[in-house]
Every structure is written in C-alpha cells, then in structure tokens.
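Presented below is the structure to which this report refers.
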Amino acid sequence: MAAQNGKDLLIKLDLSGAGQFETIAGLRASRISFNAETVDVTSLESQGGWRELLSGAGVKSASISGSGVFKDAATDERARQIFFDGERPEFQVIIPDFGIIQGAFMISGIEYSGSYNGEATYEVTMASAGALSFVAI
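Position one of the sequence shown corresponds to residue 1199 (our numbering), numbered consecutively onward.
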C-alpha cells in the first residue's frame, strides 16, 4: 500500500440515526485503535512451558480519538449532546485504502481549550459500545 494522506482518515457521525453520516467538523488529527484481551490457559502440561491463549475468548474493543478546531457546526453540537445524554450512536471511521469500520460508540471524553491569541480547539475520545463491522474499500 502506498503512503496515505492523513486528512483522508475520517471520523463520521450519524447525526440523526437515519444512516446519514457526516464528517466531524474541524478535526485535524484522527486515530482509531483496536484491542483484544487475552485469556491465558497455560498449565503444567503446556508444551515447553510456553504460554497458551484461548482462541476467540476475551473482550474486543476499539477506541477513537480526534482533535481539531472548534467550528460550532452541527457535528460539534451533536457530539456535546451525545456526551451529556450518554448516547451510543453509530460512527464510521474511513481508513484510506483499507476500509470502513462502523458501529456504536460512546463519547467517553470531550475537552475544549484555547489560548488568548489562538483558536479554540477540542479533543474527543470514544469507546466502542457493541459489535463493529468492517467493509474493505
């Protein structure tokens, strides 16, 4: 795969629940990470004393984070509402030349900052709240 432009990694939010995804406004940096807990089933009978892991067990999770410039757009307002109401709407993450990850996420953190002679910025962190789907592009 050739090098990709960072601005093409997009975080999108379903604003109304109707499947119409909008890119979260003002983001300058985006990140998604996947995690899978392991279940250790090593015993005295494990070959050579090597650790053994139980296939298909453990909790899978994903987290999304982004930071950007505050623009007071509809997506900014919706993100605040999601956080304060504890909602779990659908999000999409577009990873260029890889695929689209989609599923329910909860906004677990939202932070606003700004300096006297600079722009207002924000950071948002989301945690997966159910099964995720993946479609290759």
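Glycine included, every Cβ here is placed at the ideal spot set by N, Cα and C.
Remember, predicted model here, so these are calculated numbers, not experimental data.
Exposed unless 16 or more other CB atoms sit within 10 angstroms - verdict on residue i
{"i": "VAL1291", "result": "buried"}
{"i": "LEU1211", "result": "buried"}
{"i": "VAL1322", "result": "buried"}
{"i": "TYR1320", "result": "buried"}
{"i": "GLY1217", "result": "exposed"}
8 Å Cβ shell around residue i - same chain, five flanking residues per side excluded
{"i": "ALA1302", "result": "ARG1286, PRO1287, GLU1288, PHE1289, SER1326, ALA1327 and GLY1328"}
Presumed contact (8 Å Cβ cut-off) between residue i and residue j, rounded CB distance
{"i": "VAL1237", "j": "GLY1266", "result": "Contact doesn't hold; Cβ gap of about 38 Å is too wide."}
{"i": "GLN1300", "j": "SER1331", "result": "5 Å"}
{"i": "ILE1308", "j": "ALA1271", "result": "The Cβ separation is near 15 Å, so there is no contact."}
{"i": "LEU1207", "j": "THR1221", "result": "At roughly 11 Å, the Cβ-Cβ gap does not stay under 8 Å, so LEU1207 and THR1221 are not in contact."}
{"i": "MET1324", "j": "ILE1262", "result": "4 Å"}
Spatial distance of residue i from residue j (CA atoms)
{"i": "THR1240", "j": "SER1228", "result": "38 Å"}
{"i": "ALA1318", "j": "GLU1250", "result": "49 Å"}
{"i": "LEU1252", "j": "THR1273", "result": "41 Å"}
{"i": "ALA1201", "j": "ILE1293", "result": "12 Å"}
{"i": "ASN1224", "j": "LEU1242", "result": "First, the amino acid is wrong: residue 1224 is Gly here, not Asn. Cα to Cα, the separation comes out at about 55 Å."}
Neighbourhood of residue i by C-beta distance below 6 Å, restricted to the same chain and skipping five residues each side
{"i": "ILE1335", "result": "GLY1297"}
{"i": "LEU1213", "result": "GLU1220 and ARG1276"}
Cβ shell of residue i (< 7 Å), same chain only, five flanking positions each side left out
{"i": "ARG1226", "result": "SER1265, GLY1266 and VAL1267"}
{"i": "SER1311", "result": "THR1319"}
Worksheet item: Going along the chain, which unbroken runs of the beta strand (DSSP E) with 3 or more residues stay wholly within the region 1241-1283?
Response: 1258-1267
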